[in-house]
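Accompanying notes for the structure given below.
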Amino acid sequence: MEATTLPGMLRSLTSGTFQASDSSQLLQSIVQGCTKLNDEIYELHKPVSGSFDLEVVFFHGFQTENSEDAYIRTWMTRDGSECWLNTWLKECFPQARILSVSYDSGSRESDSQGRVDMYLITEKLVQSLVDLAGVGQICPVVLVGHCVGGLVLKAICLRASQCTALSTCGQKPYKQFLQNLRGAFFYSTPHSGTHTPVRALTDGGGPLLEYLQLLNKSSARINDEFMKLRHKYECQTRGLYAANETRASKLLHLTDQEFISSQKLSSTPAHIMVVEEGSGRFDVDSFFTISGVDHFTICSPVDRQSSNFLLLVHFLKEILREEESSGEILKLHLQLDPHFTLCDRHYV
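For the sequence shown, our numbering assigns the number 1 to the initial residue and increments by one for each residue that follows.
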């Protein structure tokens, strides 16, 4: 049957006959095209030459369903026909290494997911990224996160900073990772929490859900420490915010009717603003409001001209331009002082 092949699935999609089974097969085809570096890190693109001038690492957010394939599913185009990380983005940056991270982000605790807290996630991911995948050792790094993935990437940077203080032979890769950290890009990240009632306030929610609570001490600590860290290492930040409300049905287990009833609040409305502007723009150098998208579709551009795709492309290009400029400055310094190193610029 033609629909079992990738071209066939794409034709059935455009003709309006794309079914759930086709979507599952397409997703599986994309997954098979990735290089699994370890249980958490997947390489979606690497230049044929083996050398790259930029590393971009993507972190998905909360999942109300199985989070096993979220590292791909989160970054699908709006029509579901392709993962734009290894098509559109790869074509814009052919010399970049593009990675996507998989971790337990289930919003509801069960036997198989929603059981791991931020500390364990961070501990595992920082080793997988830096030690096993070698991220941040030879070129600029940009981290991209959706929803709580933005907080996860912050926590990873903080853990890497802690590792640099350890008196072990393994601290050098973590220093290199931080020195090459050039940017953090946030898709609808609730830095300061959300007004949406979440299951973390009652039983049944996964441990990560506490980071969605307003005035949460754990997320406040991560935000404050990351702010200091990123300024130390001259890491730029950019944030996108969804102007459209999200259908409450999409949140499923994130919203908690029991909590609403116990607090004598009105019932959940049909649509909810998951991340409000104040929470989304916290500690970002530049902030953009995107119309026509909600909390989930903000990661799913319609086409290559969509703002939620182009703003990331522009951000990455800015990083590369500045890196090229600093490289020219370094050459001038080396002509004057052969002992000058890039680390002499900052990082005291």
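Glycine included, each C-beta is placed from N, C-alpha and C at the ideal position.
If you check the CB distance, Ile-41 and Leu-151 do not come in under 7 Å. A Cβ-Cβ contact shorter than 7 Å links Gly-149 with Phe-59.
Across the structure, Phe-186 and Val-31 are spaced so that their CA atoms are roughly 24 Å apart. For Ser-161, the closest C-alpha among the options His-146, Gly-145 and Glu-123 is that of Glu-123. A direct Cα-to-Cα measurement between Met-273 and Leu-158 gives close to 29 Å.
Residues Lys-46, Gln-95, Ala-96, Arg-97 and Cys-139 of the same chain have their beta carbon placed closer than 7 Å to that of Phe-52, with the five preceding and five following residues left out of the count. A distance below 6 Å between beta-carbons, with the five flanking residues on each side excluded, links His-191 to the following residues of its chain, in chain order: Asn-223, Ser-279 and Phe-282.
Pairing His-195 with Gly-50, the inter-Cα distance amounts to about 46 Å.
In this structure, Leu-54 and Leu-320 form a Cβ contact; the two beta carbons are roughly 6 Å apart against a cut-off of 8 Å.
Sequence-distant Cβ neighbours of Asn-216 in its own chain, meaning closer than 8 Å and more than five residues away, are Gly-193 and Glu-210. Judged by beta-carbon spacing, Trp-88 lies beyond the 7 Å limit of Arg-238, meaning their Cβ atoms are not closer than that value.
Just measuring C-alpha positions, the residue of Leu-85, Ser-306 and Leu-208 sitting nearest Gly-292 is Ser-306. Taking the Cα positions, Gln-171 is about 6 Å away from Cys-163. Rounded to whole angstroms, Thr-289 and Leu-316 show a C-alpha spacing of 19 Å.
Counting along the chain, no alpha helix (DSSP H) covers Phe-282, and no H or E run does either. For Thr-164, the secondary structure class from DSSP, reduced to helix, strand or coil, is helix. Annotation: Thr-35 to Arg-78 spans about 24 Å, alpha carbon to alpha carbon. From the listed residues Glu-277, Ala-165 and Ser-286, the smallest Cα separation to Glu-318 is found for Ser-286. If you draw a 10 Å sphere on the C-beta of Gln-28, you find fewer than 16 other C-beta atoms in it, and that means exposed. Between Ser-23 and Tyr-71, the CB-CB gap reaches or exceeds 7 Å.
Closest in C-alpha terms to Val-302, from the list Glu-323, Met-76 and Phe-93, comes Met-76. Of the residues assessed, Asp-39 falls on the exposed side of the cut-off, its CB having fewer than 16 other CB atoms within 10 angstroms. Its Cα nearest to that of Ala-220, the residue Lys-154 stands out among Gly-206, Lys-154 and Lys-90.
Under the 10 Å beta carbon count, His-231 is surrounded by fewer than 16 other beta carbons and is classified as exposed.
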